[in-house]
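J.: Before anything else, here's the structure in question.
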Amino acid sequence: MNAFTYLIWTSGRNRVVTALRRVRSPRYAAALIVGGLYIWSFLLRPNNSPASLSSLLGQPTEMIITVLLVLTLMGSWVFGSDTTALAFTQAELSLLFPAPLSRQALIGYKLTRAQIAVIINVLIWVFILRRGGTVLPGPMRALAIWVMFSTLNLHRLGAALVRSAWTEHGTAGSRRNRWSIVIFAAVGLSLVASLIGAHDQLGAVHSTGAFFTVLGRVLSLPPASIGLYPFHLIVAPAFAQSITQWNRAILPAIGMVIVHAWWVFSSDTAFEDAAIEASAERARRLDAIRARRSVGAIAPPRPASSTLRLASVGHPALAIFWKNMLCLRRTAQLRVFVGPVTMAIAIGAATSGAGADLGLVFAVGALVLTGMLLLFGGRLIRNDLRHDMQHLPLIKSLPIPAGEIVLAEVASSALPMALVQMILVDIAYVSTLASRANPLGADLRLAIVIAAPFGILALNAAILTIQNATAVLFPAWVRLGPVVSVGVEALGQNLLATVATIFSLAIGLIVPLIAAWLVVMVVSGSRATQLAVVIITAAVALCIETYGAIRLLGRALSKAEPLQTT
Amino acid sequence: MISVRELTKLYGDFTAVRSISFDVAAGEILGLVGPNGAGKTTTLRCLGGIIQPSAGTIAIAGHDMRTDSIAAKHALAFIPDEPHLFDYLSVEEHLRFIARLYGVVDVETRLPVLLDELELSEKKRALPGELSRGMRQKLAIACGLLHDPSVLILDEPLTGLDPGGIRRMRQTIAGRAANGSAVILSSHLLNLVEELCTKLLVVRQGEHVAYGTIDEIIQAHPHLLGQSLEDVFLALTSETKAAG
Chain D
101 MNAFTYLIWT SGRNRVVTAL RRVRSPRYAA ALIVGGLYIW SFLLRPNNSP
151 ASLSSLLGQP TEMIITVLLV LTLMGSWVFG SDTTALAFTQ AELSLLFPAP
201 LSRQALIGYK LTRAQIAVII NVLIWVFILR RGGTVLPGPM RALAIWVMFS
251 TLNLHRLGAA LVRSAWTEHG TAGSRRNRWS IVIFAAVGLS LVASLIGAHD
301 QLGAVHSTGA FFTVLGRVLS LPPASIGLYP FHLIVAPAFA QSITQWNRAI
351 LPAIGMVIVH AWWVFSSDTA FEDAAIEASA ERARRLDAIR ARRSVGAIAP
401 PRPASSTLRL ASVGHPALAI FWKNMLCLRR TAQLRVFVGP VTMAIAIGAA
451 TSGAGADLGL VFAVGALVLT GMLLLFGGRL IRNDLRHDMQ HLPLIKSLPI
501 PAGEIVLAEV ASSALPMALV QMILVDIAYV STLASRANPL GADLRLAIVI
551 AAPFGILALN AAILTIQNAT AVLFPAWVRL GPVVSVGVEA LGQNLLATVA
601 TIFSLAIGLI VPLIAAWLVV MVVSGSRATQ LAVVIITAAV ALCIETYGAI
651 RLLGRALSKA EPLQTT
Chain F
64 MISVRELTKL YGDFTAVRSI SFDVAAGEIL GLVGPNGAGK TTTLRCLGGI
114 IQPSAGTIAI AGHDMRTDSI AAKHALAFIP DEPHLFDYLS VEEHLRFIAR
164 LYGVVDVETR LPVLLDELEL SEKKRALPGE LSRGMRQKLA IACGLLHDPS
214 VLILDEPLTG LDPGGIRRMR QTIAGRAANG SAVILSSHLL NLVEELCTKL
264 LVVRQGEHVA YGTIDEIIQA HPHLLGQSLE DVFLALTSET KAAG
C-alpha cells in the first residue's frame, strides 16, 4: 500500500470508528435511528408512484444546469473565485510538501481525496433520482453524475493551476485573463443572441412550466447550443431519457474526463506558493470544520473598516447579537442569493405571461423569493451557534445564562432573514396595487400583509432554532463555521438537510395549527379576518413552542463540552 | 477567593481529574504543574465554567460554579493557552464586546490604556486573522484583564509572546496578585512558576501529588532539600509513577 493510499484508508477508517464510538452516546444513537429511518423513507423506500422526479430531468433542466455549469466555471477562470481549489490541510502542507514527492503525486492525492466527496454526492443524487422512477438504471445514472462532478472538479483544479502559473510568470491581470474572458464572452454572446431571437416566444407563455420548456428549447438550438456545446457534453448523460440516449452521450463525456485528467496531470506548474496561500486562507477560517464537504469558493473576509456601535452598558446578550451582526456584515456572500433571485424573477416573468403586467411580475417574484428564503434562508446565513460552536470554550466562559446565549444566537440569523422577507412581502403587496389582475382580492391581501410579519418571524425563529439545535446537540455531525457550501457537489447534502429541517418544522407546526383551528372556530368575521387570526394565532403558538425549545437548548448548551483535552 | 473540593472529572471510563482539592486566597498565585496529560487543562476548564465537573465543588469569589455560575464567571478571567477569538471582530471590537458582557462602564478610559500596554494600539482595527500568534495571545489576555477580574486563571499564558511581552506579562501577573487578585497559573516553564507562584499544586494522571508552598512540599519530601524546582518536579512525578 503506498503512503497516500495508507493515509486515505486509515484516515477514513478512523473517522468511521470515531463516528461509531459516538453512537454509544444515547443522543447520537437516537439521532442515528431517526436519521436512518428518514433516509430510508426519503431515499430507499420502494416507490410505486408515478415518476414525479423524472419530469424534472427534462430538456429545460438540462439546459439550465448547463448554463449554471458555464457560470461556475466562468467564476473560476474570469474572477479567480476558486482560490481554495489548491488548498491542502495544514497537516498535508507540513508533512507532504517537504516530502520527496512530485507535484503530480500531490495533485493525484488531492484528486483522490476529492473523489470521496464526489462519490458520496453521486450516491445521494442517485438515490434521490431513484425515487422518481426514472428509466435509467442506477449504475448508469451514477456513472453519468460521476462524470459530471469529476469533470467539474478536474476543471476547477486545472483552472487554479493555470491561474497559479499566470501569477508565477507575473503577467498583468487583464492580459493573463484575456483568453478566458474571450471564450466566456463568446459563450455569453451566443446565449444573449438566442434569448433576443426568442423574445417573442418567451413573452407569449403564460405559465412557469411553459416558460422553462420554451427556455430549454431556445437554449438547445443555435446559436446558444453552439456556445454551450462543450459544457453540454459533460451534462448530457445525466439527463439522458433513455438507455440509447445515454449510450450516445456517455463516451464523449468520459472523453471529457480523460482530457481533463490528462490536462491536470501533465501540468507541471509550481503551485506550491499558491497552495500555501490558499491553504493558509482556508485554515484561518476553516480550522474547526472537521470535514470539507464543499469545493465551493470562499469569500475573502472584508476588512474591519467600519463597525456598528455598542453601548458598554445594557443587556449582555445584546452583545452576542451585535457580534453576530458584525459577523454577518463581514461574511455575507451575496452570490449565494443570485440563484434564488434569478429563479424568482424568472418565475415572476413566466407567471405574468407576456410581461405586460409589471405589478404582477414583481408581486409573484417577491413572493417566490420570500418562500425560497423561508425554506433555504437558514442555510444561506450562519451567523449563529453554527458558527459559535467553534468557540465553545469562549462562549461558555461568558457570564450570561446559556438560554439567553441561545436566544441571542437564534435571533442573530432569524431577525435579519425575517426582515428581508417582510420587506419582500411589502413589495409584493405594493406591487399588487399596481396590478390590473387584483389577485386574491383586496381584503385578503391586506389581511396577509398585516399578519405576515407574525408568521414570518415565527417560522424563521422555529427553522433557525432547529438548525441551531443540530449544532448544539450534534456538533460532530454538523458543519460548523460561517461559510456557505455552494458547490454543485454539496447540493445533495444540502437538500437532505433542508428536507430534514422542514420535516422537523412540520412536527412543530402541529400544535400551532390546532390552536389556530380552535381559535378560528370561535371567532366570527370575514374570510380576511379569519385568515389573519389563523396566521397570528399559529405564529404566537409557534413562538411559544420555539421559546420553550430555546430554553431546553440552553440547558443542552450548558452541558456541551469542548473536545476532551487534559 | 478560589475554593475547590474533591474535584473529579470523568470522560466515560477515563478519569481525567480525581478528587483534587485546593484553595487560593486573595493575593496568592498558585502554580499548577504536571506532565502532559496530567489533567491541568481539564481542571482549569472546570474552574472556568467551561466544562462541568462530574463531582466536587468549585467556589469562585464565594459563588458556587454549579449553582451561581453567572456571578462566579463575572469574577473571573480565563485565559486559555490557545487564544479563542471571533474571526470577524477586530481587536477593538473584541474589547468592546467583552466590556458589554461584563458591564465595564469606563471602557472608553480603559481601552486605550490596555491597548497601549499590550502594544495592540496600531492593530486595533485588525481582524484576528491578520494578527500574529503572539498578537492574538495578547488580545486574549487583554480580553481577560479588561473587566478587572478578582480571579485570574491562566493556562500557559506566555505561549507565543516575544521577550518583551513575556516580561510585561510576568509583571502583570505579579501586579494583579499584589492588588488582591487570586491567580492560578498553569505552565511548563518552571522558572516562571518558581519566580511568581506562592503555592504549587503538582498533578499527575489526574491526581494531586503535592500541594503547598515550595518549602512545605520539600518539608514533606526531605530528600529533595537543596534541589531546583525542576528536580523537585521530576522527582515528584516520577515517584508517583514508580509508586503507581
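Heads up: the protein sequence lines correspond to chains D and F, in order. Last residue of the first sequence: 666 in the working numbering, with the numbers rising by one and none dropped. Last residue of the second sequence: 307 in the working numbering, with the numbers rising by one and none dropped. Even glycine gets a Cβ: it sits at the ideal position worked out from N, Cα and C.
1) Check whether chain F comes within 8 angstroms of F419(D), counting only Cβ atoms and requiring the distance to be less than that.
2) Counting only Cβ pairs nearer than 9 angstroms, list the residues of chain D close to V170(F).
3) Using alpha carbons as the reference points, say which of I420(D), T470(D) and A419(D) lies closest to F437(D).
4) If you draw a straight line from the C-alpha of L333(D) to the C-alpha of A162(F), how long is it?
5) Could you work out which residue in V530(D), L254(D), S320(D) and V170(D) is closest to V364(D) when comparing CA atoms only?
6) Which same chain residues, not among the five before or five after V634(D), have their C-beta less than 7 angstroms away from its C-beta?
7) How should A391(D) be labelled, buried or exposed, when 16 other C-beta atoms within 10 angstroms of its C-beta is the threshold for buried?
8) Quick one, which residues of the stretch 126–144 of chain F are near chain D if we go by CB-CB under 7 angstroms, in chain order?
9) Pick from R263(D), G327(D) and S264(D): whose alpha carbon is nearest that of A292(D)?
10) Nearest to I121(F) by alpha carbon, out of D150(F), D86(F) and L148(F)?
11) Taking contact to mean 3 or more Cβ pairs, one atom from each stretch, closer than 8 angstroms, check whether the stretch 499–507 of chain D and the stretch 647–655 of chain D are in contact.
12) Spatial neighbours of A88(F) within its chain, please: C-beta separation below 7 angstroms, excluding the five flanking residues on both sides.
13) Just to make sure I have the definition right: I need the residues of chain D whose C-beta is within less than 7 angstroms of the C-beta of Y165(F). Which are they?
14) Listing by chain order, which chain F residues have their CB less than 7 angstroms from the CB of T431(D)?
15) Can you tell me whether S585(D) is buried or exposed? The criterion is at least 16 other CB atoms within 10 Å of its CB, across all chains shown.
16) Under 8 angstroms by Cβ, that's how I've got G97(F) and K103(F) pegged, so tell me the actual separation to the nearest angstrom.
17) Could you tell me which chain F residues have their CB closer than 9 angstroms to the CB of P662(D), listed as they occur along the chain?
18) If we count the other Cβ atoms within 10 Å of its Cβ and call it buried at 16 or more, is W246(D) buried or exposed?
19) Tell me, please, whether the stretch 525–540 of chain D touches the stretch 478–490 of chain D by the rule of three or more beta-carbon pairs shorter than 8 angstroms.
20) Does DSSP put L609(D) in a helix, in a strand, or in coil?
21) Grab me the residues of R231(F)'s own chain with a C-beta within less than 8 angstroms of its C-beta, minus the 5 sequence neighbours each way, in chain order.
22) If contact is defined by three or more beta carbon pairs under 8 angstroms, each pair taking one atom from either stretch, is the stretch 234–241 of chain F in contact with the stretch 263–277 of chain F?
23) Please name the residue, chosen from F227(D), L243(D), P237(D) and P126(D), that lies closest to Q215(D) on a Cα-to-Cα basis.
24) Could you tell me whether the Cβ atoms of L148(F) and L202(F) are closer together than 8 angstroms?
25) Counting along the chain, where does the alpha helix (DSSP H) carrying F476(D) start and finish?
26) Using a Cβ-Cβ cutoff of less than 6 angstroms, which residues in the same chain neighbour S132(F) once the five nearest sequence positions on both sides are dropped?
27) Do we get a CB-CB distance below 8 angstroms when we pair T313(D) with the residues of chain F?
28) For I204(F), which residues in the same chain have their Cβ closer than 6 angstroms to its Cβ, ignoring the five residues on either side in sequence?
29) In chain F, what lies closer than 7 angstroms to H491(D) by C-beta?
30) Could you tell me the distance, in whole angstroms, from the CA atom of L178(F) to the CA atom of L631(D)?
31) With distance defined between alpha-carbon atoms, name the residue in S66(F), N99(F), E91(F) and V168(F) nearest to V266(F).
32) Are there 16 or more other CB atoms within 10 angstroms of the CB of G555(D), so buried, or fewer, so exposed?
33) Pop quiz: F296(F) and L253(F) are said to be a contact at Cβ under 8 angstroms. What is the actual Cβ separation, rounded to whole angstroms?
34) Counting only runs of 4+ residues fully inside the stretch 130–211 of chain F, write out the alpha helix (DSSP H) ranges in chain order.
35) Is the beta carbon of A551(D) closer than 8 angstroms to that of A514(D)?
36) If you measure between the beta carbons of V256(F) and L292(F), is that distance less than 8 angstroms?
T.: Reading from the atomic positions:
1) One point to set straight first is that residue 419(D) is Ala, not Phe, in the sequence displayed. Interface residue, yes.
2) S412
3) T470(D)
4) 59 angstroms
5) Across the set V530(D), L254(D), S320(D) and V170(D), the C-alpha of L254(D) shows the shortest separation from the C-alpha of V364(D).
6) A616 and V620
7) Here the model assigns A391(D) a pLDDT of 32, short of 50, so the residue's position is not dependable and the matter cannot be decided.
8) I133, K136, H137, F141 and P143
9) It is worth fixing the name first, because residue 292(D) is Val in this sequence and not Ala. Nearest option by C-alpha distance: G327(D).
10) D86(F)
11) Under the three-pair Cβ rule at 8 angstroms, the stretch 499–507 of chain D counts as touching the stretch 647–655 of chain D.
12) M64 and A245
13) P499
14) Y151
15) In this predicted model, S585(D) has a pLDDT of only 48, less than 50, meaning its place in the structure is not dependable enough to derive any value.
16) 5 angstroms
17) Listed by position along chain F, the residues whose Cβ is nearer than 9 angstroms to that of P662(D) are R108, I113 and I114.
18) buried
19) no
20) helix
21) Taken in chain order, the residues that qualify are E180 and L181.
22) no
23) L243(D)
24) Inclusion of L148(F) and L202(F) in the CB contact set at 8 angstroms is warranted, their separation being smaller than that value.
25) L458 to L480
26) G112
27) no
28) I142
29) Neighbours of H491(D) on chain F, chain order: H147 and F149.
30) 57 angstroms
31) N99(F)
32) buried
33) 6 angstroms
34) 132–138, 154–165, 170–180 and 196–208
35) no
36) yes
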